Structures are given as C-alpha cells and as structure tokens.
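One line per chain: the protein sequences are A and B, in this order. Residue numbering for the first sequence follows the numbering used here, starting at 68 and increasing by one per position. Residue numbering for the second sequence follows the numbering used here, starting at -12 and increasing by one per position. Even glycine gets a Cβ: it sits at the ideal position worked out from N, Cα and C. The structure presented is a predicted model; accordingly, all values stated were derived computationally and were not measured. Data first, discussion second: the structure below is written as structure tokens.
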Amino acid sequence: MTIAYKFLRPGRMAPFTGARWPPAGEWLDGGGSPALCRCGIHALEAVALPKWMTEELWRVELDDSTHPGGGIVLARRGRLVERVAGWSDETAHAYAEDCLHHLPRGGCEVVRTRAADTVAVAATVIAGTAAAEVGYCAAKAAEADAPGGYERERIRQAIWLASRLELERSTPG
Amino acid sequence: MSEREITCQELVELVTEYLDDSLPPDRRLLFEEHLAFCSACGTYLEQMRLTIRLTGTLREDDLDPIARDSMLAVLRGFAR
C-alpha cells in the first residue's frame, strides 16, 4: 500500500473526469490496468502538489501503485483516508504570500511583468485554482529570472506546502 | 516557457482531441496540467462541453431558417 495525495473539487469530485469519489474508507476501482491519463487512479506525491491544486486535498491509500514520473502515482484502486484539513482558504492565502515573498526582485522587464502578474493573481486567492495560478505565475517569474528557476520554485513551493500541511514528502511503496 | 508546457492557444487547438479522448497520454497530461492553473481555459473547456451537449439536442426543425443560412454561409467560407 502507498500513501499519496489527491486534489478534488468540492464534494469529492475528480477535477477532470467529474467522477465522485466514494466516502473515506471505500475503495474506488480504476477500471483496469493503470495507464497514465488513460486508466487507473491518479494521485500525487507531495512534490507535485503545487501544479494540481483544487479546493479539497485528501490523503489517499493506493493499491498496486507505480510512479510514472512528474510526481504522479498511478494505481489500480484507491481510497480516501482523510481530508487534509490544513488545506483551507487561510493556507492558500499564506501560500500566495509565501510565493510573493520569494518573487525575484527587479530584473528585466519580463521578470517584472511576471512578478506583477503574480501579485495581481494573489489578490484573488482562495483554496483552489487561483492558488494554483499564483504558484504558476511565481514559477514563471523565477524562470524569467534564471535558467531552471521554474522547477526550483516549484520544488520550493512543494516543500513549503508539505511543511505547512505536515505531509509526507516521499511515498514509499 | 518550460518545455513541458502548453499555451492557452495550443489548448484551444487541442480541445476537440481532448474531448474526443484521442490525445496521446503525454499531451493529455500537459493539457490537464494547464487546466489546473488556468481558470480561463477551464471556463473555455466547460463552454465547449455545454455547446456540444446543447447542439446535440437540436433537430433540423429547431433551427431558425435565417440562422441556418447564416451558419451555412460561414461554414462554406471555411471550406474555401
């Protein structure tokens, strides 16, 4: 068994398929042999959380899982264990503030534009897509500032989230 | 731009393949990763889904003749 994370829309709704997850403790079958973006349960390692934020964050238990890369965990079936209560509007605001705090200062026009984008989006943050957009804009600003900045900023964001939400950073099988 | 990223414009170009479930897995992943942070594209995708659902319920008799002729003229223009 593997513990991983799953972002869902309100009401335990899968963000892309629209499928509703059963209540915590009940297994959800992935419908066949797991294949990336085709079949199976898709969940996340903590390192990938900033790229996939929605309103609800859940800790999930996965059966027969693989790690195809990109922080994604694929499994034949999974079940919700508990909702990560710390992922809230308040945390999303704090996350946005942290992204703003780490924005590159000065720099070329592209960097300044990216930074301004981040500040503008941060003003609208609630837990969900807007928070995801702040993280994205901040990572783009970091990339404009220095090569490799995008991935470095994404990792920094993931570490911040894992620490704030007291998540496991690795998911041994 | 990150190498592993699609733009809003690319997403618009790929939306039909996405809805037809014919995107290769790697492109589908990038498509959904874009949706995760871009609320505008999320809205666009929902509008496309709604349009497909509503037009699927239309019968030929439901179309106003003027609207039908206008649409045909536009489509013929595309074909040129």
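### Message
For the stretch 99 to 121 of chain A, list every residue whose C-beta sits within 8 Å of some C-beta in chain B, in sequence order.
### Response
Answer in chain order: Ala102, Leu103, Cys104, Arg105, Lys118, Trp119, Met120 and Thr121.
### Query
Does the distance from the CB of Glu112(A) to the CB of Met68(A) come in under 8 Å?
Sequence index remark: in the first sequence, residue 112(A) carries index 45 (1-based). Sequence index remark: in the first sequence, residue 68(A) carries index 1 (1-based). No; because the gap between Cβ atoms is not below 8 Å, this pair is not in contact.
### Secondary structure, alpha helix (DSSP H): runs of 4+ residues fully inside the stretch 11 to 64 of chain B
If we require 4 residues or more, the alpha helix (DSSP H) runs fully inside the stretch 11 to 64 of chain B come out as 12 to 24 and 26 to 42.
### Query
By DSSP, does Gly78(A) sit in helix, in strand, or in coil?
As a working note, residue 78(A) is residue 11 in the first sequence. Gly78(A) falls in the coil class under three-state DSSP.
### Message
Between the alpha carbons of Cys204(A) and Cys104(A), how many angstroms are there, rounded?
### Response
Position 137 of the first sequence, counting from 1, holds the residue named residue 204(A). Position 37 of the first sequence, counting from 1, holds the residue named residue 104(A). Cα to Cα, Cys204(A) sits roughly 25 Å from Cys104(A).
### Task
Can you give me the Cβ contacts of Arg231(A) inside the same chain, cut-off strictly under 8 Å, excluding the 5 residues immediately before and after it?
Residue 231(A) sits at position 164 when you count from the first residue of the first sequence. Setting aside the 5 residues that flank it on each side, Arg231(A) is surrounded in the same chain by Gly153, Thr158, Ala161 and Tyr162, each with a C-beta closer than 8 Å to its C-beta; the list follows chain order.
### Query
Which residue from Cys25(B), Tyr5(B) and Asp13(B) puts its Cα closest to that of Thr(-6)(B)?
Counting from one through the second sequence, the residue named residue -6(B) turns up at place 7. Of the listed residues, the one whose Cα sits closest to Thr(-6)(B) is Cys25(B).
### Rounded C-alpha distance that separates Ala213(A) from Thr42(B)
On the first sequence, position 146 is the one that residue 213(A) refers to. On the second sequence, position 55 is the one that residue 42(B) refers to. Spanning the two alpha carbons is a distance of roughly 48 Å.
### Message
Suppose the cutoff is 6 Å on Cβ atoms and the five residues either side in sequence are ignored; what does the same chain contact list for Leu228(A) look like?
### Response
Here residue 228(A) refers to the residue found at position 161 when the first sequence is read from its first residue. Answer for Leu228(A): Leu116, listed in chain order.
### Task
Could you give the DSSP three-state label for Trp88(A): helix, strand or coil?
The residue given as residue 88(A) occupies position 21 in the first sequence. Residue state, collapsed to three classes: coil.
### Query
Does DSSP put Gly240(A) in a helix, in a strand, or in coil?
Here residue 240(A) refers to the residue found at position 173 when the first sequence is read from its first residue. Any reading at Gly240(A) must be qualified, since the residue scores a pLDDT of 41, below 50, and its modelled position is unreliable; the value itself is stated next. Taken through DSSP and simplified to helix, strand or coil, Gly240(A) comes out as coil.
### Message
Can you tell me whether Glu210(A) is buried or exposed? The criterion is at least 16 other CB atoms within 10 Å of its CB, across all chains shown.
### Response
For the purposes of this step, residue 210(A) is identified with residue 143 of the first sequence, where counting begins at 1. Result: buried.
### Query
When we look at the beta-carbon of Glu20(B) and count the other beta-carbons within 10 Å, is it buried (16 or more) or exposed?
Sequence index remark: in the second sequence, residue 20(B) carries index 33 (1-based). Glu20(B) counts as buried, since no fewer than 16 other beta carbons sit within 10 angstroms of its beta carbon.
#### Entry: For Leu141(A), the first and last residue of its enclosing beta strand (DSSP E)
In the first sequence, residue 141(A) corresponds to position 74, counting from 1. Counting along the chain, the beta strand (DSSP E) containing Leu141(A) begins and ends at Ile139 to Arg150.
### Query
For a contact meaning CB atoms closer than 7 Å, what does Arg15(B) contact in chain A?
Here residue 15(B) is taken as the residue at index 28 of the second sequence, counted from 1. Listed along the chain, the chain A residues whose CB falls inside 7 Å of the CB of Arg15(B) are Cys104.
### Query
For Arg221(A), which of Glu93(A), Lys118(A) and Leu170(A) has the nearest alpha-carbon?
To locate residue 221(A), count along the first sequence from 1; it is residue 154. Nearest neighbour of Arg221(A) by Cα position, chosen from Glu93(A), Lys118(A) and Leu170(A), turns out to be Lys118(A).
### Query
Can you name the start and end residues of the alpha helix (DSSP H) that Leu(-2)(B) belongs to?
Here residue -2(B) refers to the residue found at position 11 of the second sequence. Where Leu(-2)(B) is concerned, the enclosing alpha helix (DSSP H) stretches over Cys(-5) to Leu6.
### Message
Pop quiz: Pro77(A) and Glu122(A) are said to be a contact at Cβ under 8 Å. What is the actual Cβ separation, rounded to whole angstroms?
### Response
Locating residue 77(A) in the first sequence gives position 10, where the first residue counts as 1. Locating residue 122(A) in the first sequence gives position 55, where the first residue counts as 1. Contact between Pro77(A) and Glu122(A) is confirmed by a C-beta separation of about 5 Å, below the 8 Å threshold.
### Task
Pull up the CB-CB distance for His169(A) and Arg223(A), whole angstroms please, since I reckon it's below 8 Å.
Locating residue 169(A) in the first sequence gives position 102, counting from the first residue. Locating residue 223(A) in the first sequence gives position 156, counting from the first residue. A Cβ-Cβ distance of about 7 Å is found for the pair His169(A) and Arg223(A), placing them in contact under the 8 Å criterion.
### Message
Does Glu128(A) come out as helix, strand or coil in the three-state DSSP assignment?
### Response
Position 61 of the first sequence, counting from 1, holds the residue named residue 128(A). In the three-state reduction of the DSSP assignment, Glu128(A) falls in the strand class, which pools E and B.
### Message
To be precise: take each residue of the stretch 26 to 54 of chain B, compare its Cβ to all Cβ atoms of chain A, and keep it if any distance is under 8 Å. Which residues remain?
### Response
Flagged, chain order: Ser26 and Gly29.
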